Each structure stands twice: as C-alpha cells, then as structure tokens.
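Residue numbers (the working numbering): 95 to 247.
Glycine residues also receive a C-beta, built at the ideal position from the N, C-alpha and C atoms.
Model, not experiment: these values are computed from the prediction.
Working notes, structure below.
In structure tokens form, the structure reads like this:
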C-alpha cells in the first residue's frame, strides 16, 4: 500500500492541513464514528451520565488516545490516517472557529509529535475540516473528532 498526503501551501506558507491524500493498494478503509470525551457511565439512549470533567485540552487528549486505540483495534494505525474532521463548540470570540478556546491545535501537535510525527501540523498532516457548532451530545463536550484511515495491505 502507498499513502501519499500532498502538502497545502498558501503564499509559500505550509498550511496545518493536507491538500489531499492519494491511496493505492489499500485493502480497505476504516471510518471511525465521531469521538467525544465521555465518562464510562454515558448512556445516550437513557440520556444519563456522560459528563467529562476537564477542559478542552483534556478532552482533545482523551479523544486522540481513543482514535489511536480504535484504529489499532480495527487493523490500522495513525500512520494511515486519510482525513480528520473536527467539530468545535463555540464560543468564537473573533467570529471564526480557529479563535475558539476549544480549538487546540497545540494539543493535536503534541499528541502527534509523540505518536506519529509525520502528521504534526508543521510537517505533513492529513486533510481536515474544522467546523464550528453550537452544541454536541452533552453540554460539557466541546470537541468531536471523526477520523478516516486506510487498512494497509
């Protein structure tokens, strides 16, 4: 399998997301559900539990650890990420999603520096979207991340 993420530049400056990823020879793909940081007692059907104690950085760390674990459990890995989608709960002080205190590119880079350096925003990250939203499944959840990865041959 070959997986090549093409860098995105704007006016000669590297953007913190890739332009696109071309995959050849993969035996399949892993589409993860939206991942949030919820407590073990989370019961969405019963509308009980789920509160996650901690700030945005703690939620990012928990979600990224889950994504790493789920990918490995399903036969893939962070190395094979194709796309990430970030749903960020407001506020948006400057009107844009990137101004939200809940958008933590620093935590994302810290995680990837440790577990998969090629995907750091200053290196060659996968394509991604950052979408601002008013609410997530529980009031204290501030970020949800969806990941897609290739299954190596």
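| query | Beta carbon of residue 237, beta carbon of residue 161: below 8 Å? | reply | no
| Taking all protein chains shown into account, do 16 or more other C-beta atoms lie within 10 angstroms of the C-beta of residue 128, making it buried, or fewer, making it exposed? | exposed
| Would the beta-carbon of residue 244 fall within 8 Å of that of residue 120? | yes
| task | Alpha carbon to alpha carbon, how far is residue 112 from residue 217? Give it in angstroms, no decimals. | result | 10 Å
| task | For residue 99, write down the residues that DSSP places opposite it in a beta bridge. | result | 115
| Cβ-based burial, residue 241 [other Cβ within 10 Å; buried from 16] | buried
| task | Measure the Cβ-Cβ separation of residue 194 and residue 182 and say whether it is below 8 Å. | result | yes
| query | Under a Cβ-count criterion, where at least 16 other Cβ atoms within 10 Å of its own Cβ denotes burial, should residue 98 be classed as buried or exposed? | reply | exposed
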